[in-house]
Amino acid sequence: MEINMTYVLTSVAIMAGTTYLIRMLPMVIFKKKIRNVFIQSFLYYVPYAVLSAMTFPAIFSSTGSTASAAAGCAAAVLLAYFNRGLLTVAVGASVVAWLVQAAGL
């Protein structure tokens, strides 16, 4: 398989430009402090919404079966609800997904 270097460099340049624009535009558009409570609360939750939108599809395609992925996700949500640490949530979800997969469900 031959790697097309022009394609790779063009892709990297487009991704770099997109990342730069996403970070630069808010600073250019909003020069004054945002005082609107609705917009402040909206901007506060945007990172969580984006992270969730990127993470959840990957969760359900990360294992060999949807059942093990759903069990691992449920375990992670449950552990996070009870204020467990990030490492505990990650390991707990992984162990539950592995157990369900090992059981053949």
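The opening residue of the sequence shown carries number 2 in the numbering used here; numbering runs sequentially from there. All residues carry an ideal CB built from backbone N, CA and C; glycine is no exception.
Checklist entry - residue 73 and residue 94: beta carbons closer than 8 Å? => result A Cβ-Cβ contact shorter than 8 Å links residue 73 with residue 94.
Item to check | CB-CB length for residue 90 against residue 80, believed under 8 Å | outcome: 5 Å
Checklist entry - Should residue 104 be flagged as near chain D, meaning a C-beta pair shorter than 8 Å? => result In the displayed structure, chain D is absent; only one protein chain is listed.
Next on the checklist: Contact defined as beta carbons within less than 8 Å: I believe residue 60 pairs with residue 70. What is the distance between those atoms, to the nearest angstrom?
Outcome noted: 6 Å
Next on the checklist: Am I right that residue 101 and residue 68 are in contact with their C-beta atoms under 8 Å? What's the rounded C-beta distance?
Outcome noted: 6 Å
Item to check | 6 Å CB neighbourhood of residue 76 in its chain, flanking five on each side removed | outcome: 93, 94, 97
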